[in-house]
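Worksheet: one structure, shown below.
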Amino acid sequence: MAETFLLIALPACVALVAACLSGWVRERSSIAGACIAALYFTGAVFLLAQIPNGGNAFFSVPWVSELGVDFSLRLTGFSAWFGVLILFLGGCVNLYACTYFKGHQRLSSLLILLGLFASAMLGVIWADNLYLIFLFWEATSLLSFLLVGFHNEKEISRANAAQAFLITMAGGAALLVGFVLLHLNLGSASLAQILVSDIADVSTAAVVFIMLGAMTKSAQWPFHFWLPNAMVGPTPVSAYLHSATMVKAGVFLLGTLAPLLSQNPIWTPVLAIAGVMTVGTAVVRGAYETDMKAILASTTLAALGFLTILAGLGTPAAMLGFVIFLTAHALYKAPLFLAAGNIEKRFGTRDLNQLRGAARLSPVTGAVVVVSALSLIGVAPLPGFLGKEYLLKAAWAYSPWLAIAVAISAVGVLALGFRLIIPMLCKAEETGKGKQIPLGMTLATLFPAIGALGMVAALSFSNHQFLGPAAAALGADEGASYQFWYGLTPALGLGMGALALSLLVSRVILRSRRSSPPDAFAPFFDQLFDNIIYALKSVAATVSGLLEEGKLVSHLIVMLIVIGMLSFFSIEVHDWPVLPLSWDKHSIAFLGLVPLLVISTVVASRTQKTITILVSLGFVGFVIALIFLWFSAPDLALTQLMAETLILFLLAGALMKVKKKESSEPAAFRLIFSIFAGALVTLLTLKSIALEWNRPISEFFLQESKTQAFGANVVNVILVDFRALDTLGEIIVLAIAAMGADAALGAARKRAPLPEVMPSSLLTSGARLLAFFLLPTILWIFWRGHNAPGGGFIGALLAAGGVGLGLLSSWRRLTPPLMRRYAHRLIISGLGIALVSALLAVFVGVDFFQGLWFHYGDLHLGTPLLFDLGVFLTVLGFCMNYLRHFHIRQIS
Amino acid sequence: MELFIAITIGILVAGGVYRLLGGTKVDAIIGLIMLSQAANLIILAAGGLKHNAAALLDGSPISEYADPLPQALVLTAIVIGFGILAFLITLLIRSSK
């Protein structure tokens, strides 16, 4: 039984194949459509056969069990039947889309979206874990946004898709809150367990948030306005979204939770009122429409309203009505939408006033429209009749007043149904010069209508095979079944009365020629939504206007002041330790260094001349390297020297090209600010030196470096062995930064940024001589790194320095395309080697990144050395990718 | 000498901030170079300063070596700082087009 759940992946797999074969799909659209439909139908039939076995399969994979999140799926009779509808109508819609968008450039993207959407929808109805439901729920919102906005070249498509997205996403957030509350209330996130819990434990807040989420998704009043706007999506998308998916997710959730939550006192009144209001607004809106799709959208809203009322009642009789109403609606709404697309293709319009006699001119589509619309109206013996009767019956059993309200609002819906077919059945007037309806579209329209007819023709079989088990699974009485005749009841009378009245009303609607709804009523919520979005945007603009002036210096000042205040408070001047201010030989060394540093710093901070900037900065870097060397950090001194050289190299290239601007900031203000900053950092440093450090980690490194990592240079051992994962992260950052160079300056250019120069012959020949010695030096520096100052980082920076020298002396071979190629190869192979060195340990069976060693006397070879090689290659590739932008063109 | 290194760092920061507040893009880059060098020195100084005690193991007692951890941190900081500056410099070139 658990294999049934593989069906959830079927549409997604179809999407994957469509993605891989996008060219083929475009050229052979019909075949592709037929294949997809066949797959979907097979899945639907397979699923249909599972329902009588009781469904009730369960499948669970632990995920984040500590938080109550598991990948658990549950199949009940109802969710299996719903799945059949999704797959069956999905097959029709895919077939239709392939013919409708035959040869369209983006057909395969539509198929991908439709496939993923169907999978997400199956996920919503089959998930057992609340959080899993939420994830799939959000996926359907996101995918329906992309589907509705499929014609993304149109402004209106984007705007309406965004509106639908914002409302359903906001509802999704409310739903998550509701789910979390429910989880906290009941201590379980499993739907199966929640449904057998005690309502007394469920807080009203949870109920409210869940209702909010479901009502936004199912477009219930007052969130109803997005659904008619979402009509801008392509016809097959509208057909799918309105019939079996998306909007049904909301009512599905309400229906599933109704047996438990309807015991909460606010559930029934809120949902019943929202439902009736939705039906009412939908009817008023639809009465003024002449566009076929817009009228259908109104009837969808109305149907969702009725389903919400049923879920709101939550009685066994209501759940019985819920299943048949949902089924009937799916099976008449999909063909009606698809037929609207057919008619548009055939006659070039969807305006009902211009479609007089359309049903006679296009008999197959016309028959489908008539049969489906009659089902919508609720004429026996069509499924819609059952839906209407069981709806009224459940409402009557709850309260006759509710039944009367439902019947009155139903009058409008039925009138809309008549509104659809009466013009089409008229005598044909002008025919229009449209195209023939393609076979695929006709078939796709026909299938659901035939399905609906077949279902009622073999009603006892349907009752036994799927309708009964589905209703029973949702909370209707055991052994539930549907009959056309159950005697003269008030519900039957109400239904007949509504039907008769609706014929009258439809005549009124047809007579009136008003084409737009009264301004004061319909767009109220639309405008409210627009106003809210507008207000949000202007608030955001005002706030960011307050925070920034669009000037670098003012940003910096705010940041510096905040950082300065924080550090000033954190150094706690009132609790100042006694500083061991000693006068020793180091002080003498400093007495020599500090004045040099001061002079070069002051020069570097004030000068505007390129050469002065470079020399003074270089000098600062050099002095700092000396400080590193003095205080027992030879690796740092080497790295600092090499990095400084390369920075100056790049900076020289940039400064030679950039036009310099004079600073406009007042010097006195800058001076005061910087003196404060300097003094504060001085204090901070003194305090941090004075504090006693506990250094257990460093001691471990010093102790174990020789015994575990076989290296005497502890700094290097930390980088490539003890903390290799950090280093891996670092070289990945470098690889990403190298991509940044490509993004900022273009991938493959032959532009030469620097001015043409004639390199001195001394430099050219000297550089060649130097390169001769450089290569063995680099290898030596790299190799000795584990036991002496050196290693991958330093070796790579040294090698990059060599490349920079080559650029300066204009080696012909160092062209930008060549350097780009090598840079990319170096980065990829470097990252690859680093990863392999980490994963080798996993293959052997020890922990990730644990060093594997091979000993030969005093020679120790291990994966950390391999990792260091990866570091070397990545850093070199990174430097090459930047250096290539500083190519100097040689004068030939 | 603690006082001296602290003053050195302070001067570097002051110079960096002065340059940073110049307002042009070139000023920002040069200021950042100086500030990152000051930051590297702070990390090293905070770990304790020792002369002639590089963490190259030769059999001496462990307490005699300089702390290798801040050094490893600073080494990666220098390389990452170099990466950021290289990216900034390409952005500078890009924006001056």
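Taken in sequence, the protein lines are chains A and B.
Quick note, the first sequence lines up with residues 1 to 892 if you use my numbering.
Quick note, the second sequence lines up with residues 1 to 97 if you use my numbering.
For each residue, glycine too, the CB sits at the ideal point set by N, CA and C.
Problem set entry | Alpha-carbon to alpha-carbon, A49 of chain A and Y332 of chain A | 23 Å
For this session: Could you check if N129 of chain A is buried or exposed, using at least 16 other CB atoms within 10 Å of its CB as the buried criterion?
Result: buried
Exercise. Assuming T639 of chain A contacts I78 of chain B under a Cβ cut-off of 8 Å, what Cβ separation, rounded to an integer in Å, is found between them?
Worked result: 5 Å
Exercise. Residues of chain A with a CB under 9 Å from the CB of L32 of chain B: which are they?
Worked result: Chain A residues near L32 of chain B: none, gap ~10 Å exceeds 9 Å.
For this session: Give the single residue among A:K435, A:F322, A:A452 and A:R360 whose Cα lies nearest to the Cα of L374 of chain A.
Result: A:A452
For this session: Using a Cβ-Cβ cut-off of less than 9 Å, give me the residues of the stretch 644-671 of chain A that come near chain B, in sequence order.
Result: E644, L646, I647, L650, L651, G653, A654, L655, K657, V658, K659, K660, K661, E662, S663, S664, E665, A667, F669, R670 and L671
Exercise. Does the distance from the C-beta atom of L597 of chain A to that of V562 of chain A stay below 7 Å?
Worked result: no
Exercise. Can you give the Cα-Cα distance for A340 of chain A and L547 of chain A, rounded to whole angstroms?
Worked result: 52 Å
Problem set entry | For I86 of chain A, the nearest candidate out of A:L869, A:T42 and A:S157 (CA to CA) | A:T42
Exercise. List, in order along the chain, the chain A residues whose C-beta lies closer than 7 Å to that of S96 of chain B?
Worked result: Result: K657, V658 and K659.
Exercise. Is the CB-CB distance between I76 of chain B and A741 of chain A below 7 Å?
Worked result: The displayed chain sequence assigns Thr, not Ile, to residue 76 of chain B. Not a contact, by the Cβ cut-off of 7 Å.
Exercise. Expressed to the nearest angstrom, what Euclidean distance is found between the alpha-carbon atoms of G564 of chain A and I672 of chain A?
Worked result: 14 Å
For this session: With DSSP as the reference, label G621 of chain A as helix, strand or coil.
Result: Residue state, collapsed to three classes: helix.
For this session: Please classify W485 of chain A: is it buried, with 16 or more other beta-carbons within 10 angstroms of its beta-carbon, or exposed?
Result: exposed
Exercise. Does the pairing of the stretch 359-374 of chain A with the stretch 271-279 of chain A give three or more beta-carbon distances under 8 Å?
Worked result: Put simply, the stretch 359-374 of chain A does not touch the stretch 271-279 of chain A. Fewer than three CB pairs are less than 8 Å apart.
For this session: Would you check if the distance between the CB atom of G172 of chain A and the CB atom of E138 of chain A is smaller than 7 Å?
Result: The criterion of a C-beta distance shorter than 7 Å is satisfied by G172 of chain A and E138 of chain A.
Problem set entry | P62 of chain A: first and last residue of the uninterrupted beta strand (DSSP E) it sits in | In this chain, the beta strand (DSSP E) harbouring P62 of chain A covers F58 to V64.
For this session: Mind listing the chain B neighbours of P634 of chain A? Cutoff is C-beta to C-beta under 7 Å, in chain order.
Result: For P634 of chain A, the chain B residues whose Cβ falls inside 7 Å of its Cβ are A54, in order along the chain.
For this session: Verify whether the separation of the beta carbon atoms of G255 of chain A and K217 of chain A is less than 7 Å.
Result: no
Exercise. Given that Y882 of chain A touches chain B, what residues does it touch there, using C-beta distances under 9 Å?
Worked result: G83, A86, F87, I89 and T90
For this session: Check whether the stretch 55-70 of chain A touches the stretch 23-31 of chain A, counting contact only when three or more Cβ pairs, one atom from each stretch, lie closer than 8 Å.
Result: Below 8 Å, too few C-beta pairs join the stretch 55-70 of chain A and the stretch 23-31 of chain A to call them touching: fewer than three.
For this session: Take G47 of chain B as the anchor and find which of A:P696, A:A771 and A:E662 has the nearest alpha-carbon.
Result: A:P696
For this session: Sort out for me which residues DSSP pairs H860 of chain A with in a bridge.
Result: A:H855
Exercise. Thinking C-beta only, is A258 of chain A closer than 7 Å to G314 of chain A?
Worked result: yes
Exercise. So which residues of chain B does V208 of chain A contact, with C-beta pairs closer than 7 Å?
Worked result: Result: empty, since nearest Cβ-Cβ is about 49 Å, beyond 7 Å.
For this session: Sort out for me which residues DSSP pairs S190 of chain A with in a bridge.
Result: A:N129
Problem set entry | Segments assigned alpha helix (DSSP H), at least 4 residues, entirely inside the stretch 380-430 of chain A | 383-398 and 400-425
Exercise. What does L550 of chain A touch in chain B if you count any residue whose Cβ is under 7 Å from its own?
Worked result: This sequence places Gly at residue 550 of chain A; Leu is not what is there. Neighbours of G550 of chain A on chain B: none; closest Cβ ~12 Å, over 7 Å.
Exercise. In whole angstroms, what is the alpha-carbon distance linking V846 of chain A and A838 of chain A?
Worked result: Linking V846 of chain A to A838 of chain A through their CA atoms gives a straight-line distance of about 11 Å.
Problem set entry | Backbone CA spacing between L307 of chain A and L392 of chain A [nearest angstrom] | 12 Å
Exercise. For A282 of chain A, which residues from the same chain have a beta carbon less than 6 Å from its beta carbon, with the 5 sequence-adjacent residues on both sides left out?
Worked result: S298, L301 and A302
Exercise. Helix, strand or coil: which one does DSSP assign to A748 of chain A?
Worked result: Since pLDDT at A748 of chain A reaches only 44, below the 50 mark, its modelled position is unreliable, and the value read off the structure follows with that caveat. In the structure shown, A748 of chain A sits in coil (DSSP, three-state: anything other than H, G, I, E or B).
Problem set entry | Rounded distance between the beta-carbons of V715 of chain A and Q71 of chain B, thought under 8 Å | 5 Å
Exercise. Is it true that the CB of T290 of chain A sits closer than 7 Å to the CB of N353 of chain A?
Worked result: yes
Exercise. At a Cβ threshold of 7 Å, is G59 of chain B touching chain A?
Worked result: no
For this session: Give every residue of the same chain whose Cβ lies closer than 7 Å to the Cβ of I167 of chain A, excluding the five residues on either side of it in the sequence, and list them in chain order.
Result: T216, F223 and W226
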